[in-house]
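Chains as they are written, first to last, in our numbering: chain A, 5 to 305; chain B, 242 to 511. Positions of the beta carbon are idealized from the N, C-alpha and C atoms, including for glycine.
Rendered as structure tokens:
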């Protein structure tokens, strides 16, 4: 009896913080549930059903996913996104590293150079797209003016199936390289002078030092930056709205843009939900990669 | 060093690279201050002028868009800080059954971007009657897992003795949070605020979906509506509008460069 009493008093003693905790967590949990977990569950349910006007939703199993595999636009978007990631991730990460190594040296005007590299990051993607129209516009665009001055016939960069995707990749790289630069810069500055001196004595070649000393020390940063670049490759589609709308002939459609079209132009909720799940799966894969690599290869501190 | 580069090579190459990198922006300035015929003619005899700005201002309600963006960003930030502070404190300092599970639920959201869930979130926001309202634009982002995590980490580093001392003084839990924890976390709040503001100032896809009139449409969406090719608006006017859209954040960034860069780093490196 005494024991129970004791347990009860000590229980009520701990339960006050518990009540406080749940009250304090309530708004966050409600919002997380309503705008993250509920929509995920909703997408799963919707993707397994077929909607038609005036009829109750019908269970349709994996039909939506089977339809995805037969949908040439989806396959094209998947392929485009694959190439988009494959090019923009390594290029922007390597550029970011090069920029960081560069502005980490001492020379006059390096503050301004840092600023120049970082500033595109601050622009809205829609604005960046408008700016790049200057370069890509067929008749008056700067690229064609330059080519014309050299006597080469210009081309319609955004209207050509061959060039549209690379043209969009350039914008993404331009916009994000400077952002990743600051993470490399911070990591470079956290390398201790002792480590640097030791490396300088051991290995006289700058290239060798970079490869064998600096890069391994930067590995956690590289992982962080690569995962973010990868996520951006799936997330950044704002410029498509301004420049191409996925065209010509779907040559520049990316998954998230296609999801937008299916959901809000064609208003096919079930199909859009199946697409949502594909994107979620890809994101989960990115996170899994990050987790796996941070366990296996990269050691934080 | 195998070959020492000439002393001037690094700075000169640097200046050139920097110039090349921001050339698109310099071009935007050039075009925004030139009448349409001269917008893309790079030469010394072009006419400069401010005419494009009033022209853009006449064609689209940019003042209203600016107010909308400002209100959305502010409303969202205030709600985020409130929600994340409470949750971050609970996760950092209160012991209760299920804490690990709650933390896992929060962390799992870090890898799901709200951008992917636009379809279902639109349905929910429509059901709440918040389409084309500031709150509707803000809703999916208020419960920021990132903010909760950031504040939790910060609160955990506050010495327990400070809280105990405040308790002896007779302060309640919320008072302790407000008077002890929040002031100590000020740099983290600044960092989070700058990251949130710059993210949502530039956000596009969700606001595009969830607004449908001048009432709540932010600058980015306004710019896109206005500069769509089929609108037939002059180039130089579009550029002026683009510059107006980016300018507030750009100026803030130029003024508070160091804070911005440090905030992004603080937010990124966990």
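Per DSSP, residue i is paired with what?
i, result
"residue 176 of chain A", "DSSP lists no partner for residue 176 of chain A."
"residue 268 of chain A", "Bridge partners of residue 268 of chain A: none, in fact."
"residue 62 of chain A", "A:54"
Cα-Cα, which of the options is closest to residue i?
i, options, result
"residue 188 of chain A", "A:67, A:64 and A:97", "A:97"
"residue 4 of chain A", "B:464, B:478 and B:498", "Here chain A has residues from 5 to 305 only, and residue 4 of chain A is not among them."
"residue 478 of chain B", "B:299, B:311 and B:256", "B:299"
"residue 78 of chain A", "A:111, A:107 and A:282", "A:282"
"residue 253 of chain A", "A:48, A:164 and A:113", "A:164"
"residue 105 of chain A", "A:213, A:85, A:280 and A:266", "A:213"
"residue 335 of chain B", "B:480, B:418 and B:503", "B:418"
"residue 125 of chain A", "B:436, B:455 and B:398", "B:436"
"residue 53 of chain A", "A:270, A:20, A:63 and A:167", "A:63"
"residue 114 of chain A", "B:255, B:346 and B:421", "B:255"
"residue 257 of chain B", "A:117, A:72 and A:157", "A:117"
"residue 378 of chain B", "B:484, B:304, B:443 and B:327", "B:443"
"residue 394 of chain B", "B:364, B:448, B:339 and B:507", "B:507"
"residue 327 of chain B", "A:295, A:28, A:69 and A:81", "A:28"
"residue 433 of chain B", "B:459, B:499, B:392 and B:446", "B:392"
"residue 357 of chain B", "A:95, A:258, A:159 and A:92", "A:258"
"residue 32 of chain A", "B:337, B:382 and B:301", "B:382"
"residue 407 of chain B", "B:398, B:421 and B:384", "B:421"
"residue 319 of chain B", "B:346, B:385 and B:294", "B:385"
"residue 350 of chain B", "A:262, A:111 and A:40", "A:40"
"residue 294 of chain B", "B:343, B:309, B:311 and B:270", "B:270"
Answer with yes or no whether the minimum CB distance from residue i to chain A is below 7 Å.
i, result
"residue 265 of chain B", "yes"
"residue 496 of chain B", "no"
"residue 408 of chain B", "no"
"residue 242 of chain B", "Confidence at residue 242 of chain B is low in this model, with a pLDDT of 44, below 50, so its placement is unreliable and the value that follows should be read with caution. Yes, contact with chain A."
"residue 383 of chain B", "yes"
"residue 289 of chain B", "no"
"residue 502 of chain B", "yes"
"residue 259 of chain B", "yes"
"residue 437 of chain B", "no"
"residue 491 of chain B", "yes"
"residue 376 of chain B", "no"
"residue 486 of chain B", "yes"
So which residues of chain B does residue i contact, with C-beta pairs closer than 9 Å?
i, result
"residue 155 of chain A", "Chain B residues near residue 155 of chain A: none, gap ~19 Å exceeds 9 Å."
"residue 136 of chain A", "265"
"residue 306 of chain A", "The first residue shown for chain A is 5 and the last is 305, placing residue 306 of chain A beyond what the model contains."
"residue 123 of chain A", "262, 263, 266, 491, 494 and 495"
Give the interface partners of residue i over in chain A, defined as CB-CB distance under 7 Å, in chain order.
i, result
"residue 445 of chain B", "128, 129, 130 and 242"
"residue 251 of chain B", "109 and 111"
"residue 414 of chain B", "24"
"residue 450 of chain B", "268"
"residue 350 of chain B", "36 and 40"
"residue 346 of chain B", "36"
Determine, using beta carbons only, whether residue i comes closer than 7 Å to chain B.
i, result
"residue 282 of chain A", "no"
"residue 40 of chain A", "yes"
"residue 22 of chain A", "yes"
"residue 190 of chain A", "yes"
"residue 186 of chain A", "yes"
"residue 120 of chain A", "yes"
"residue 239 of chain A", "yes"
"residue 246 of chain A", "yes"
"residue 276 of chain A", "yes"
"residue 291 of chain A", "yes"
"residue 117 of chain A", "yes"
For residue i, which residues in chain B fall below 7 Å Cβ to Cβ?
i, result
"residue 28 of chain A", "327, 328, 330 and 331"
"residue 31 of chain A", "324 and 327"
"residue 106 of chain A", "255"
"residue 176 of chain A", "Those within 7 Å of residue 176 of chain A in chain B number zero; the least Cβ separation is about 13 Å."
"residue 66 of chain A", "The premise fails here: residue 66 of chain A is roughly 19 Å from chain B at the closest Cβ pair, so nothing lies under 7 Å."
"residue 273 of chain A", "360"
Any heavy atom of the ligand MG inside 6 Å of the beta-carbon of residue i?
i, result
"residue 25 of chain A", "This structure simply doesn't include the ligand MG, nor any ligand for that matter."
In chain A, which residues lie less than 8 Å from residue i when you measure between Cβ atoms?
i, result
"residue 353 of chain B", "40, 44, 284 and 287"
"residue 268 of chain B", "135, 138 and 146"
"residue 398 of chain B", "Those do not exist, as residue 398 of chain B stays about 16 Å from chain A at its closest Cβ, beyond 8 Å."
In chain B, which residues lie less than 8 Å from residue i when you measure between Cβ atoms?
i, result
"residue 47 of chain A", "358, 360 and 361"
"residue 216 of chain A", "Within chain B, no residue comes near residue 216 of chain A; the closest Cβ sits about 16 Å away, beyond 8 Å."
"residue 262 of chain A", "None at all; the shortest Cβ gap to chain B is about 12 Å."
Note down, in chain order, every chain A residue with its Cβ under 9 Å from the Cβ of residue i.
i, result
"residue 336 of chain B", "18, 21, 22 and 25"
> Which residues, taken in chain order from the segment 86 to 101 of chain A, show a beta carbon closer than 7 Å to some beta carbon of chain B?
Replying inline: If the cut-off is 7 Å between Cβ atoms, the segment 86 to 101 of chain A has nothing near chain B.
> Residues in the segment 292 to 306 of chain B with C-beta within 8 Å of chain A's C-beta atoms, listed in sequence order?
Replying inline: Those residues of the segment 292 to 306 of chain B that come within reach of chain A (Cβ to Cβ, closer than 8 Å) do not exist; the list is empty.
> Going along the chain, which residues of the segment 457 to 469 of chain B sit with their C-beta nearer than 7 Å to a C-beta in chain A?
Replying inline: Of all residues in the segment 457 to 469 of chain B, 461, 464, 465 and 468 have a Cβ within less than 7 Å of some Cβ in chain A.
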